[in-house]
Amino acid sequence: MNMADVRIAVLVPCYNEEAAVGTVVADFRKALPAAKIFVYDNNSKDRTIAVAGEAGAEVRSERHQGKGHVVRRMFADIDADVYVLVDGDATYDAPSAPRMVEKLLSEHLDMVVGFRVDQSAAAYRPGHRTGNWMLTSFLSSVFGETFKDILSGYRVFSRRFVKSFPVLSDGFEIETELSVHALELALPVAEFETAYYARPEGSFSKLNTWRDGFRILGTILKLYRSEKPLRFFTAIGIFLMLVSIGLAIPIVVTFLEEGVVPRLPTAVLSMGLMIVGVLSVSSGLVLDTVTRGRREMKLLAYLSQPPLGKN
């Protein structure tokens with residue numbers, strides 16, 4: 111499908127990006143001249159709204175603090191065929207956008223993720239690089255190896271993806287949630303190498319390496335629990351059963367040799383752990399059925415959206 115025949119929306123979530131948002135709007139207007147550019151301000155204290163408006167973007171606001179809230183509002187409000195999501199900090203390469211959109215259209219994909227290739231040491235802090243690698247590796251081991259950069263804020267989506275994606279996270283965990291949603295439904299996705307630059311002078315990162323890293327890890331664990339409940343609760347159940355058996359073996363041996371049950375509290379604890387372990391596995395079986403139903407509903411919502419060219 112020709113890129114000139116589709117409606118493209120560039121979505122730019124912003125919080126205190128006065129120093130960078132004007133450049134972002136100008137660069138994407140040049141890279142995608144037919145696209146509409148929407149800047150969503152998230153309670154900025156500086157001149158972000160004024161600068162974005164002067165640069166030619168349509169500026170809107172989201173009062174609930176957090177990137178997840180902003181993305182939820184953008185996905186709900188904007189109607190387009192193709193969506194380009196990019197941070198307002200001028201670190202992403204605007205000239206890559208047409209090629210990412212073309213890849214989405216030509217290969218009939220639902221999401222193209224900008225795989226960041228840093229252009230300077232200041233662009234990608236060591237703590238963020240290590241955290242991204244750890245989280246990406248963990249996600250790959252749980253859901254399958256598809257992405258090399260799950261935390262990239264530069265993505266291109268089809269309308270099908272955007273209008274069927276239930277945004278649940280509030281903050282920077284949104285990138286993880288987007289990736290897991292695509293993996294769970296086995297949607298056609300790809301990565302595209304794109305330059306990643308240092309922030310311009312006067313622009314400061316809102317990310318906290320440890321706080322946001324733990325929040326993203328917590329999101330992955332919660333998603334693992336909700337999307338893979340049988341594995342999650344079976345692992346817990348097996349662990350509890352093994353501990354129970356370890357506590358019970360000396361008691362059983364003594365009973366067989368001497369005909370008495372020593373350490374009654376330990377015997378009660380062992381029995382309790384075994385019961386809880388069995389209940390954990392049973393809960394996993396029940397929740398796995400529930401999760402399958404939820405996944406089918408997500409897939410039906412996805413299929414209810416017409417593919418590009420068939421609106």
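To get my numbering, take the position in the sequence shown, counting from 1, and add 110.
C-beta atoms are modelled at their ideal positions from N, C-alpha and C, and glycine is treated no differently.
- Less than 8 Å separates the beta-carbon of residue 149 from that of residue 198.
- Contact annotation: residue 203 and residue 305 have beta-carbon atoms nearer than 8 Å.
- Two segments are said to touch when three or more pairs of C-beta atoms, one from each, lie closer than 8 Å; by this definition the region 179 to 195 touches the region 116 to 125.
- Residue 118 is bridged by DSSP to 192.
- Taking C-beta atoms as the reference points, residue 257 and residue 301 count as a pair closer than 8 Å.
- In this structure residue 147 touches residue 139 by the C-beta definition: roughly 6 Å separates them, less than 8 Å.
- Exposed is the label assigned to residue 331, since fewer than 16 other Cβ atoms lie within 10 Å of its Cβ.
- Taking the Cα positions, residue 143 is about 31 Å away from residue 280.
- Looking at 290, 284 and 349, the one whose alpha-carbon comes closest to that of residue 325 is 284.
- If you draw a straight line from the Cα of residue 254 to the Cα of residue 296, it is about 10 Å long.
- About 5 Å separates the beta carbons of residue 310 and residue 200, which is inside the 8 Å limit, making them a contact pair.
- Segment contact: the region 365 to 381 against the region 336 to 351, fewer than three CB-CB distances shorter than 8 Å; contact not assigned.
- As DSSP reads the structure, residue 221 sits in a beta bridge with 267 and 299.
- When rounded, the separation of the alpha-carbon atoms in residue 303 and residue 282 is 21 Å.
- Taken through DSSP and simplified to helix, strand or coil, residue 177 comes out as helix.
- Nearest in C-alpha terms to residue 387, of all of 371, 406 and 352, is 352.
- Counting along the chain, residue 146 sits inside the beta strand (DSSP E) bounded by residues 146 to 151.
- A straight-line Cα-Cα distance of about 29 Å links residue 293 and residue 389.
- Annotation: the continuous alpha helix (DSSP H) that includes residue 294 extends over 284 to 294.
- Nearest to residue 384 by C-alpha distance, out of 349, 155 and 290, is 349.
- By the criterion of a C-beta distance shorter than 8 Å, residue 242 is surrounded in its chain by 259, 260 and 261, once the five residues flanking it on both sides are discounted.
- A Cβ-Cβ distance of about 6 Å is found for the pair residue 181 and residue 123, placing them in contact under the 8 Å criterion.
- Here DSSP, grouped into helix, strand and coil, assigns residue 168 to strand.
- Contact between residue 270 and residue 415 holds, with the beta-carbon distance rounding to 4 Å and staying under 8 Å.
- Contact check for residue 299 and residue 398: beta-carbon distance about 25 Å, past the 8 Å limit, so the pair fails to qualify.
- One alpha carbon belongs to residue 372, the other to residue 346, and they sit about 28 Å apart.
- The continuous stretches of alpha helix (DSSP H) do not include residue 130, and DSSP gives it neither H nor E.
- Around the Cβ of residue 287, a 10 Å sphere holds 16 or more other Cβ atoms; the residue is buried.
- Residue 240 carries a helical assignment under DSSP once its states are collapsed to helix, strand and coil.
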